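The numbering used here numbers the first residue of the sequence shown as 6 and each following residue consecutively. Beta carbons are placed, not taken as given, at the ideal position from N, Cα and C, and that holds for glycine. Bear in mind the structure is a predicted one, so any value in this text is a computation, not a measurement. Here the structure is laid out as structure tokens; the discussion comes afterwards.
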Amino acid sequence: ASHAVAACVPPLGVADRRSEGHHRGGGNRSARGFCSFGGKRHRKCRPVWTDISVVVCASPRKCDLYDVSDDLTPYHVAWGWQKAILEARLASLSLEKDETVSGDDTHDEEGDTNTRHPLGHRDCVLLVQHPAVVTLGTGSSLENLKFDPGAADAPFQVFRTERGGEATYHGPGQLVLYPILDLSQRTPDLHKYMRDLEQVAILAMTTLGVRNAGRVAGLTGAWGTRVPDDETGVVTENEEAVSEDEDGVNNSQTPHKVAAIGVRARRWVTYHGVALNVDVDLSQFQYIVPCGIGDRPVGSVAQLLLGKAGIVSSSSGSTDPQHDSNLDSAGARGVGADAKGPPPDAELMERAKEALLDAFQVVFETELVNKGGPPFVA
């Protein structure tokens with residue numbers, strides 16, 4: 006069986022509905038101390054995990070890591086890697102099952118070389134950055150693209166993938182984590198898996214200093230609020246920002262979507278994953294309705310830490326929610342995939358990578374084994 010879960014909308018209608026009550030991201034504090042956003046005003050919550058590097062998992066299972074995030078990997082290349090690893094993992098699991106039935110279970114977890122552990126022998130994680138590109142889910146509406154993908158002057162190449170959900174942008178300054186995990190050896194529940202990926206992003210965002218990292222009830226992904234500047238009110242240790250716009254909305258506390266989630270699984274082995282906006286060019290989101298959500302801002306770790314507002318992009322236009330000014334048609338750094346601008350902050354990207362991988366190990370109780378470079382696939 007194959008299951009897809011929506012990338013950016015409440016994941017309804019998947020084959021396994023055993024934990025349907027968890028599919029919306031929840032409106033309560035999670036077990037690890039993070040709170041969701043509800044209503045227009047949001048009290049500060051102080052996460053339990055402030056330094057995830059001190060968390061040690063007892064006897065963790067191992068997971069191979071292929072980190073190529075220092076370079077830009079074309080989307081179709083990483084997509085091909087995922088599918089090749091998925092096939093290898095399924096074949097390995099089938100072989101392990103046959104060996105277990107025959108009583109010849111000789112697998113060894115100690116060796117970490119590619120010779121002793123060929124691709125697919127155990128779970129894998131890919132960490133990448135992509136050049137500017139837009140992806141769609143298997144049932145995505147083209148109405149959430151604000152350009153003709155078939156036109157010669159289309160700002161981006163567009164890929165329709167196997168995942169659920171709507172239009173998503175990938176580009177430099179965004180870290181994308183693609184886990185190929187056997188959920189049958191963990192918890193065979195895609196909704197729980199989605200919440201776990203959200204928690205990975207939430208932990209990483211918190212480590213990086215994002216305020217109120219958490220969830221928004223009814224929406225998938227990880228969200229955070231920006232550090233307010235002097236015009237919107239300064240948040241101190243014991244008080245909330247109180248400056249409001251004309252509609253009574255506390256701008257500094259408006260949740261921004263920082264991480265998008267989208268997965269698919271075959272026989273409980275996952276692929277696709279989570280994309281974390283670290284220092285991405287937010288103006289590029291003006292070309293789509295991000296995740297089909299046209300009334301909520303998209304943000305990045307860098308933008309939130311600087312106290313700047315994100316971008317709200319609907320079918321009718323793209324607006325800076327802080328100043329209510331429309332972006333020009335070329336965007337802040339240029340047009341689409343040809344946009345030119347300052348590169349992502351290298352130091353922040355490195356810290357974000359470390360935080361994201363540490364968070365993954367904590368949430369999934371696993372030890373990542375760095376294999377170095379891209380996976381070797383035929």
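Comparing alpha-carbon positions, which option in the options lies nearest residue i?
i: Leu182; options: Thr78, Ser323, Leu147, Val294; result: Thr78
i: Glu148; options: Thr230, Ile298, Lys376; result: Ile298
i: Asp75; options: Gln179, Tyr276, Gly125; result: Gln179
i: Val279; options: Ala264, Arg356, Gly170; result: Ala264
i: Gly322; options: Phe365, Phe152, Ala307, Val306; result: Phe152
i: Tyr71; options: His81, Ile90, Tyr80; result: Ile90
i: Gly144; options: Leu98, Thr173, Val133; result: Thr173
i: His175; options: Tyr198, Pro136, Val130; result: Pro136
i: Leu98; options: Ser288, Ile316, Arg271, Gly304; result: Arg271
i: Arg216; options: Arg231, Gly223, Glu370, Ser318; result: Arg231
i: His126; options: Val163, Ala96, Arg200; result: Ala96
i: Leu353; options: Ala83, Glu372, Asp284, Tyr292; result: Asp284
i: Gly223; options: Arg301, Leu124, Gln289, Gln134; result: Arg301
i: Ser146; options: Ala383, Thr192, Phe161, Ile293; result: Ile293
i: Arg94; options: Gln134, Gln190, Ser320; result: Gln190
i: Thr192; options: Leu362, Thr275, Val303; result: Thr275
i: Leu281; options: Arg269, Ser305, Lys102, Thr371; result: Ser305
i: Glu372; options: Gly378, Leu362, Pro379; result: Leu362
i: Gly267; options: Ser288, Glu355, Glu101, Ile185; result: Ile185
i: Lys88; options: Val130, Lys102, Leu100, Glu101; result: Val130
i: Val317; options: Ser288, Asp343, Leu309; result: Ser288
i: Pro177; options: Pro379, Gly378, Asp343; result: Asp343
Per DSSP, what kind of secondary structure is residue i in: helix, strand or coil?
i: Arg220; result: strand
i: Arg34; result: For Arg34, the pLDDT reaches just 36, beneath the cut-off of 50, and the residue's location in the model is therefore unreliable, although a value from the coordinates is still provided. Reduced to three states, the DSSP call for Arg34 is coil.
i: Asp343; result: helix
i: Gly315; result: coil
i: Ser146; result: coil
i: Thr259; result: coil
i: Ser124; result: Here residue 124 turns out to be Leu, not Ser, going by the sequence shown. It is coil, neither helix nor strand.
i: Leu180; result: strand
i: Asp350; result: coil
i: Arg200; result: helix
i: Phe365; result: helix
i: Lys376; result: coil
i: Thr212; result: helix
i: Ala157; result: coil
i: Val232; result: coil
i: Ala357; result: helix
Run the CB neighbour count on residue i, radius 10 Å, all protein chains shown included, and call it buried at 16 or more, exposed below.
i: Asp286; result: buried
i: Arg165; result: exposed
i: Thr259; result: buried
i: Ala157; result: exposed
i: Leu311; result: exposed
i: Pro347; result: exposed
i: Gly3; result: Since the first and last residues shown for the chain are 6 and 383, residue 3 lies out of range.
i: Ala360; result: buried
i: Glu203; result: buried
i: Pro123; result: exposed
i: Ala307; result: buried
i: Ser320; result: exposed
i: Leu100; result: exposed
i: Ala383; result: exposed
i: Ala314; result: buried
Using DSSP bridges, identify the partner residues of residue i.
i: Ser5; result: Only positions 6 to 383 of the chain appear in this structure, which leaves residue 5 out of reach.
i: Ile185; result: Cys129
i: Thr275; result: Ala270
i: Phe164; result: Thr140
i: Ala3; result: No answer is possible for residue 3: it lies beyond the span of the chain, which begins at 6 and ends at 383.
i: Gln134; result: Leu77
i: Thr173; result: Thr140
i: Thr371; result: Arg66
i: Ile293; result: Leu150
i: Val303; result: Lys262, Ile316
i: Asp72; result: Leu132
Would you mind giving the Cβ-Cβ distance between residue i and residue j, rounded to the nearest angstrom? I have them listed as a contact below 8 Å.
i: Val368; j: Leu208; result: 7 Å
i: Cys296; j: Glu171; result: 5 Å
i: His261; j: Trp228; result: 6 Å
i: Thr225; j: Ala218; result: With 8 Å as the limit, Thr225 and Ala218 do not qualify as a contact, their Cβ atoms being about 15 Å apart.
i: Lys358; j: Leu132; result: 7 Å
i: Phe365; j: Val205; result: 5 Å
i: Arg168; j: His277; result: 5 Å
i: Asp201; j: Asp128; result: Asp201 to Asp128, Cβ: 13 Å. No contact.
i: Leu213; j: Arg66; result: With a Cβ gap of about 26 Å, Leu213 and Arg66 do not count as contacting.
i: Val163; j: Gly378; result: Actually they do not touch by this definition, with Cβ atoms about 28 Å apart.
Kindly say whether residue i, judged by its beta-carbon, lies nearer than 8 Å to any beta-carbon of chain D.
i: Gly304; result: Of the protein chains in this structure there is only one, and it is not chain D.
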